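Once you know that position 17 of the sequence shown is 16 in numbering that gives the first Met the number 0, the rest is easy, because the numbers rise by one and skip nothing. Here a beta-carbon is modelled for each residue, glycine too, at the ideal position from N, C-alpha and C. In this text the structure is predicted, and so the values were computed from the model without any measurement.
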Amino acid sequence: MPVLTGLVRTQHAGKYLGQLCKHWSHKFEASCAADNGSVDLPFGRTEFRASDDVLTIVISLNPGADTVLARDVVARHLNRFAFREAPLTIEWAEA
């Protein structure tokens with residue numbers, strides 16, 4: 000199972016983590032705490048961790064899931080919530 004890891008440099012990591020989890024919890028299984036959260040999205044389990052200046056995103060892709068689509072969905076939603084500093088740069092790595 001491929002794993003995508005994205006790093007986003009922002010002073011609002013915790014805020015965006017909470018907004019993303021809350022938004023997706025209306026349609027998908029989600030859990031959220033102050034500095035971490037997870038959502039079971041159609042393409043795979045997506046986990047978030049917030050530190051003072053970095054939001055870490057880890058997507059464990061389901062078999063056959065589209066890597067480009069997964070990155071795009073997360074990036075579009077994040078930038079929608081981060082409109083004051085968008086577009087945010089997500090540094091993606093695949094393992």
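Using only the alpha-carbon positions, how far apart do L68 and T55 sit?
By one-based count along the sequence shown, residue 68 stands at place 69. By one-based count along the sequence shown, residue 55 stands at place 56. Spanning the two alpha carbons is a distance of roughly 18 Å.
At which residues does the alpha helix (DSSP H) containing N61 begin and terminate?
One-based indexing of the sequence shown puts residue 61 at position 62. From DSSP, N61 is part of no alpha helix (DSSP H); its letter is neither H nor E.
So is G5 buried or exposed if we call it buried at 16+ other beta carbons inside 10 Å?
By 1-based counting over the sequence shown, the position of residue 5 is 6. Buried, because 16 or more other Cβ atoms sit within 10 Å of the Cβ of G5.
Measuring only the C-alpha atoms, how far is S65 from F42?
For the purposes of this step, residue 65 is identified with residue 66 of the sequence shown, where counting begins at 1. For the purposes of this step, residue 42 is identified with residue 43 of the sequence shown, where counting begins at 1. The sequence given here places Asp at residue 65; Ser does not occur at that position. Looking at the two C-alpha atoms, the distance is approximately 7 Å.
Report yes if the C-beta of A33 is less than 7 Å from at least one heavy atom of the ligand FMN; otherwise report no.
Although the ligand FMN was asked about, the structure shown includes no ligands whatsoever.
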